[in-house]
Amino acid sequence: MTIAVIGSNMVDLISYIERMPNKGETIEAPDFSLGCGGKGANQAVAAAKCGAKVMMMTKVGDDIFGPNTIKNLESFGIDTSLCSIVPNMSSGVAPIFVDPKSQNSILIIKGANKELKPQDIDAAEDKLKECELIILQLEISLDTVYHAIEFGRKHGIEVLLNPAPADPNLSLEKISSCAFFMPNESELATLTKMPVDTDEQVLAAGNKLIEAGIKNVIVTMGSRGSMLINKDGHNKILPYKVNAIDTSGAGDAFIGSFSKYYVEHHNILEAMKVASAFAALSVTRRGTQKSYPTIDELNAFIASQS
Ligand code: RIB
Numbered sequence: 172m173t174i175a176v177i178g179s180n181m182v183d184l185i186s187y188i189e190r191m192p193n194k195g196e197t198i199e200a201p202d203f204s205l206g207c208g209g210k211g212a213n214q215a216v217a218a219a220k221c222g223a224k225v226m227m228m229t230k231v232g233d234d235i236f237g238p239n240t241i242k243n244l245e246s247f248g249i250d251t252s253l254c255s256i257v258p259n260m261s262s263g264v265a266p267i268f269v270d271p272k273s274q275n276s277i278l279i280i281k282g283a284n285k286e287l288k289p290q291d292i293d294a295a296e297d298k299l300k301e302c303e304l305i306i307l308q309l310e311i312s313l314d315t316v317y318h319a320i321e322f323g324r325k326h327g328i329e330v331l332l333n334p335a336p337a338d339p340n341l342s343l344e345k346i347s348s349c350a351f352f353m354p355n356e357s358e359l360a361t362l363t364k365m366p367v368d369t370d371e372q373v374l375a376a377g378n379k380l381i382e383a384g385i386k387n388v389i390v391t392m393g394s395r396g397s398m399l400i401n402k403d404g405h406n407k408i409l410p411y412k413v414n415a416i417d418t419s420g421a422g423d424a425f426i427g428s429f430s431k432y433y434v435e436h437h438n439i440l441e442a443m444k445v446a447s448a449f450a451a452l453s454v455t456r457r458g459t460q461k462s463y464p465t466i467d468e469l470n471a472f473i474a475s476q477s
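Position 90 of the sequence shown, counted from 1, bears residue number 261 in this note's numbering, the numbering being contiguous throughout.
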C-alpha cells in the first residue's frame with residue numbers, strides 16, 4: 172500500500188519573532204531554526220513516520236540544500252528514486268515567521284519545484300501506477316497538478332489534493348475527480364469566495380465543492396477541529412486541547428498521517444481522529460517536520476486522552 176507524494180520540498184528558515192519589522196526598521200528576533208520543509212515533503216514525512224510506505228516525486232536545486240533534502244527524505248525510509256536535482260537552479264526555500272501566539276506567516280520561493288513537469292509523471296508511469304493514493308499540493312505548477320489528477324483518474328488511483336497555498340485560478344472542473352480535497356478554512360474561503368467563520372458557513376462552502384463533483388472535502392480548522400463533508404452529510408472531529416507553540420506544518424502533519432490510516436483501513440473518520448492527534452502533538456514543538464511525533468509518541472498520546 173504505497174502512497175505517492177508528487178509535490179514540493181523547501182528549506183524552512185524559521186524565525187521566532189516578537190513582531191514583524193516595520194518598513195526601513197531592523198529589529199532583533201529571539202530565535203531561529205533551519206529545517207527541511209515544503210508541504211509535499213512534510214506530508215511524505217508525516218505519512219512515513221506513521222509507518223506508511225511512501226514514494227516522493229520532487230525536484231531540488233544543485234545548491235547546498237538539494238542533496239540534503241533528498242538525504243533527509245531517505246532517512247525516513249521514503250523512496251526517493253523519483254527525486255532529482257535540477258542543474259543551475261536553487262532549491263525551494265521558505266522564510267517562516269512564528270509570532271508569540273504560535274501563529275505562522277510563510278513566504279515561499281519555489282526554485283526547482285517549478286521544474287516538476289507533466290512529462291516527469293509520464294516518465295514514471297510504471298512506478299506511480301502501483302501506488303494506492305496520490306497526494307498533491309499547489310507548490311508546483313498547476314499543469315503538473317492537473318496532469319497528476321488525470322493520471323490518477325486514468326489508473327483508478329485515488330487522489331488527495333491539498334490546495335495550499337490557495338490559488339484562485341484553480342479549476343474546479345479539472346480537480347473534480349479527486350477523492351479528497353483538503354483545504355484549511357482560509358484556502359476554502361479563497362477558492363469558493365464564501366465566508367467560513369462559522370461551522371455552518373464552512374459546511375455551505377464545502378458543499379459547493381461537493382456539487383462540483385469532489386467526493387470528500389475535509390477542512391482543517393486548527394483549534395476548531397476538522398470537518399468532513401460529502402454527499403452523505405457532514406461530520407466534525409473535535410480538536411485535542413494542547414499547548415501550541417508553533418503551528419507551522421500542522422496541516423501537513425494532518426494530511427500525511429490521515430493518508431497512512433486511510434489507505435490502511437479506508438475509514439475516513441477514524442483516520443481523521445488519528446490525524447488530529449498527530450497534528451496536535453506537532454504544534455507542541457517547534458519546526459515543521461522536526462515537530463512530528465514518532466509512532467510511539469502518537470500512540471501514547473492517544474492512549475492518554477481516552
Ligand atoms: O505547510 C508548511 C510548509 O509550507 C513549510 O514547511 C514551508 O516550507 C511551506 O511550504
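Heads up, the beta-carbon is just placed ideally off N, CA and C, and yes, glycines get one too.
Look at the alpha carbon of SER397 and the alpha carbon of GLU296, and state the distance between them as a whole number of angstroms. Roughly 34 angstroms between the two C-alpha positions.
At least 3 beta-carbon pairs within less than 8 angstroms: the segment 453 to 462 vs the segment 306 to 317: Proximity of the segment 453 to 462 to the segment 306 to 317 falls short of the contact definition, fewer than three beta-carbon pairs being nearer than 8 angstroms.
Does the segment 379 to 396 come into contact with the segment 346 to 356, if we say contact requires no fewer than three beta-carbon pairs (one atom in each stretch) closer than 8 angstroms? Note that the segment 379 to 396 touches the segment 346 to 356; at least 3 beta-carbon pairs, one per stretch, sit closer than 8 angstroms.
For GLU196 and ILE305, what's the separation of their Cα atoms in angstroms? A straight line joining the alpha-carbon of GLU196 with that of ILE305 spans about 44 angstroms.
Do MET365 and ALA383 have their CB atoms nearer than 8 angstroms? Judged by their CB atoms, MET365 and ALA383 are not nearer to each other than the 8 angstroms cut-off.
N- and C-terminal bounds of the alpha helix (DSSP H) containing SER255: SER255 -> not in any alpha helix (DSSP H); beta strand (DSSP E) instead, spanning 250 to 257.
Report whether the distance from the Cβ of ASP183 to the nearest heavy atom of the ligand RIB is below 7 angstroms. At a cut-off of 7 angstroms, the beta-carbon of ASP183 counts as near the ligand RIB: some heavy atom of the ligand is closer than that.
Cβ-heavy atom distance, ASN414 to the ligand RIB, below 7 angstroms: The ligand RIB never approaches ASN414 closely enough for any of its heavy atoms to be under 7 angstroms from the residue's Cβ.
At the level of alpha carbons, what is the spacing between ASN243 and MET227? Each residue's Cα considered, the two are about 12 angstroms apart.
Rounded C-alpha distance that separates ILE478 from GLY422: Coverage of the chain is limited to positions 172 through 477, which leaves residue 478 absent and any answer about it impossible.
Can you find a heavy atom of the ligand RIB that lies under 7 angstroms from the Cβ of THR459? Within the cutoff, so yes.
Strand pairing of PHE203, partner residues [DSSP]: DSSP, once it has assigned bridges, lists SER186 as partnering PHE203.
Less than 8 angstroms separating the beta-carbons of VAL231 and ILE256? ILE256 sits close to VAL231, with the two beta carbons spaced by under 8 angstroms.
Please confirm whether ALA217 and GLY427 have their CB atoms less than 8 angstroms apart. Yes; because the gap between Cβ atoms is below 8 angstroms, this pair is in contact.
Based on the DSSP secondary-structure assignment, which residues constitute the bridge partners of ILE277? Note: ILE277 sits in a beta bridge opposite ILE267.
Would ASP183 pass as a contact of GLY206 if the rule is Cβ separation under 8 angstroms? Yes.
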